[in-house]
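Colleague: Numbering (the UniProt record's numbering), first residue to last: 1 to 98. We treat Cβ as the ideally placed atom computed from N, Cα and C, and that holds for glycine. Here it is: the structure, laid out below.
Below, the structure is given as structure tokens:
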């Protein structure tokens, strides 16, 4: 999903970034501030030993690249949220970071 963000979001401003992954077709969708940003087809599965590192990116060279910033909130759902749910969650929580 991270490859979909061709430009970096503006610095020093809070952003809501959501990534959904369809486990059947391995299609990822990125939302930025509640709005669909892009879709990538068939993301290859990477076995990282069951570890999830929020705010990091795993490179195929088997190294982790840390996010240099602050995460206000991280949530993992057991299902894909609808675009309406993503927009609602953004609108309902953005006041915390303004």
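Applying the criterion that 16 or more other CB atoms from any shown protein chain within 10 Å of the CB defines a buried residue, is residue 39 buried or exposed?
Modeller: To locate residue 39, count along the chain shown from 1; it is residue 39. By the neighbour-count rule (16 or more Cβ atoms within 10 Å), residue 39 is not buried but exposed.
Colleague: What's the C-alpha gap between residue 28 and residue 74?
Modeller: Counting from one through the chain shown, the residue named residue 28 turns up at place 28. Counting from one through the chain shown, the residue named residue 74 turns up at place 74. Taking the straight line from one Cα to the other gives about 17 Å.
Colleague: Grab me the residues of residue 67's own chain with a C-beta within less than 8 Å of its C-beta, minus the 5 sequence neighbours each way, in chain order.
Modeller: Start at 1 with the first residue of the chain shown, and residue 67 comes out as number 67. For residue 67, the CB contacts under 8 Å within the same chain, skipping 5 residues up- and downstream, are 55, 56 and 57 in chain order.
Colleague: Spell out the partners DSSP gives residue 57 in its beta bridges.
Modeller: Looking up residue 57 in the chain shown gives position 57. The partner list for residue 57 (beta bridge, DSSP) reads 65.
Colleague: Check each candidate in 10, 14 and 18 and name the one with the smallest Cα separation from residue 88.
Modeller: The residue given as residue 88 occupies position 88 in the chain shown. Comparing Cα-Cα distances from residue 88 to each of 10, 14 and 18, the minimum goes to 18.
Colleague: Taking the C-alpha atoms as reference points, what is the distance between residue 34 and residue 91?
Modeller: Counting from one through the chain shown, the residue named residue 34 turns up at place 34. Counting from one through the chain shown, the residue named residue 91 turns up at place 91. Between residue 34 and residue 91, the C-alpha separation is close to 8 Å.
Colleague: Suppose the cutoff is 6 Å on Cβ atoms and the five residues either side in sequence are ignored; what does the same chain contact list for residue 71 look like?
Modeller: Working through the chain shown from its first residue, we reach residue 71 at position 71. So the qualifying residues of the chain are 55.
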